[in-house]
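Student: Under the numbering used here, the final residue of the sequence shown carries the number 344; numbering is consecutive throughout.
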Amino acid sequence: MLTLEQHRTFAQTGVLRIEGVVPAEPVGAARETIQYAIDIGAKPSRYARSKPVSGVFRPAIAGVAEELAGRPVSPWPAPTVLVTQPGTTVWTVPSTGWHVDIPRLAKDGVPGVQAFVLLGRVKARGGGTLVVAGSHRLLDGEPMRSKDVKRRLRSKPWFNDLMSKQVMNRHHLLTESACVDGVSVRVLELCGAPGDVYFTDMRLLHASSPNTREAVRIMVTQRYAVDAYQPDIRSAYETHQRTD
Numbered sequence: 101m102l103t104l105e106q107h108r109t110f111a112q113t114g115v116l117r118i119e120g121v122v123p124a125e126p127v128g129a130a131r132e133t134i135q136y137a138i139d140i141g142a143k144p145s146r147y148a149r150s151k152p153v154s155g156v157f158r159p160a161i162a163g164v165a166e167e168l169a170g171r172p173v174s175p176w177p178a179p180t181v182l183v184t185q186p187g188t189t190v191w192t193v194p195s196t197g198w199h200v201d202i203p204r205l206a207k208d209g210v211p212g213v214q215a216f217v218l219l220g221r222v223k224a225r226g227g228g229t230l231v232v233a234g235s236h237r238l239l240d241g242e243p244m245r246s247k248d249v250k251r252r253l254r255s256k257p258w259f260n261d262l263m264s265k266q267v268m269n270r271h272h273l274l275t276e277s278a279c280v281d282g283v284s285v286r287v288l289e290l291c292g293a294p295g296d297v298y299f300t301d302m303r304l305l306h307a308s309s310p311n312t313r314e315a316v317r318i319m320v321t322q323r324y325a326v327d328a329y330q331p332d333i334r335s336a337y338e339t340h341q342r343t344d
């Protein structure tokens, strides 16, 4: 059962971190499986459906996703393994790679919740996924292709700075919030300890980030779409594929 404050945080920012959701044993088993794939030169994605990896998504995670969505949800067919190798020497908020996973729908409300499970400690500037907190509250309720969401957001000065290679001083995007159409937005880096879980609104703009630390960044993520929105999401994908 989530607290009122947790519900408020998710509604305002689209992001909620809950520490220590997944016990150490399943976290370790999933990490070992993915590390094995890395060591033998295989694609970690091949192991997404393996029992150790998919097993980290306990009923408690689905329960939180459903509570945050406010209606029944179902997981996507398979989780996604996220790996970022170390080696980058300079860290900055990226100007490219920003995207949303699903089109905007004509319906208001949370279309789905994405859960990110940390399988190792992820420090700042260690390759953690970046999200634009608050971006789920912009352009809501209007059907729109994923790439058009990005284009429309870029018409706003703050988002244009975020996605412009010409803006060299980018640190303030991570440390300072801004107000866009009455909504507070800022870049957040998903950092934390093994077993922590971040829950994000699936409308959030997000991107991968460089890893300047010594350790590989390993997370696994699952998307829980609202059951009532599943036909709309599929229809939007099919329509956009025909027009792209």
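Note that CB positions come from ideal geometry on N, CA and C, so glycine has one too.
Arg-317 and Val-222 look like a contact to me (Cβ under 8 Å); what is the Cβ gap, rounded to whole Å?
Tutor: Translated into the one-based positions of the sequence shown, residue 317 becomes position 217. Translated into the one-based positions of the sequence shown, residue 222 becomes position 122. Correct: roughly 6 Å between the Cβ atoms.
Student: Around the C-beta of Gly-220, are 16 or more other C-beta atoms found within 10 angstroms, so that it is buried, or is it exposed?
Tutor: Locating residue 220 in the sequence shown gives position 120, where the first residue counts as 1. Per the 10 Å Cβ criterion, buried.
Student: Exposed or buried, Gln-341, counting other C-beta atoms within 10 Å across all chains shown (16 or more means buried)?
Tutor: Taking the first residue of the sequence shown as position 1, residue 341 is located at position 241. Because Gln-341 carries a pLDDT of 47, less than 50, the predicted location of this residue cannot be relied on, and the following value inherits that uncertainty. By the neighbour-count rule (16 or more Cβ atoms within 10 Å), Gln-341 is not buried but exposed.
Student: Going along the chain, which residues of its own chain have a beta-carbon closer than 8 Å to the beta-carbon of Thr-192, five neighbours each way excluded?
Tutor: On the sequence shown, position 92 is the one that residue 192 refers to. Within the same chain, Thr-192 has close Cβ partners Arg-270, His-271 and Pro-310.
Student: Give the straight-line distance between the Cα atoms of Arg-301 and Asp-139, rounded to the nearest whole angstrom.
Tutor: As a first step, residue 301 must be located in the sequence shown, where it is residue number 201. As a first step, residue 139 must be located in the sequence shown, where it is residue number 39. In the sequence on display, residue 301 carries Asp and not Arg. Computed Cα separation, rounded: 33 Å.
Student: May I ask which residues mark the beginning and end of the alpha helix (DSSP H) holding Ser-308?
Tutor: By one-based count along the sequence shown, residue 308 stands at place 208. Taken as a continuous stretch (DSSP letters only), Ser-308 belongs to no alpha helix (DSSP H), as it is neither H nor E.
Student: Does the stretch 318–328 touch the stretch 182–191, meaning 3 or more C-beta pairs lie closer than 8 Å?
Tutor: Taking 8 Å as the limit for Cβ pairs, the verdict is that the stretch 318–328 does touch the stretch 182–191.
Student: Run through DSSP, which three-state label would Ser-284 get?
Tutor: The count along the sequence shown starts at 1 and reaches residue 284 at position 184. In the structure shown, Ser-284 sits in a strand (DSSP, three-state: E or B).
Student: May I ask which residues mark the beginning and end of the alpha helix (DSSP H) holding Asp-296?
Tutor: For the purposes of this step, residue 296 is identified with residue 196 of the sequence shown, where counting begins at 1. No alpha helix (DSSP H) holds Asp-296; DSSP gives it neither H nor E.
Student: Tell me which residue opens and which closes the alpha helix (DSSP H) that Val-153 is part of.
Tutor: Here the question's residue 153 lines up with position 53 in the sequence shown. Its alpha helix (DSSP H) spans residues 151–154.
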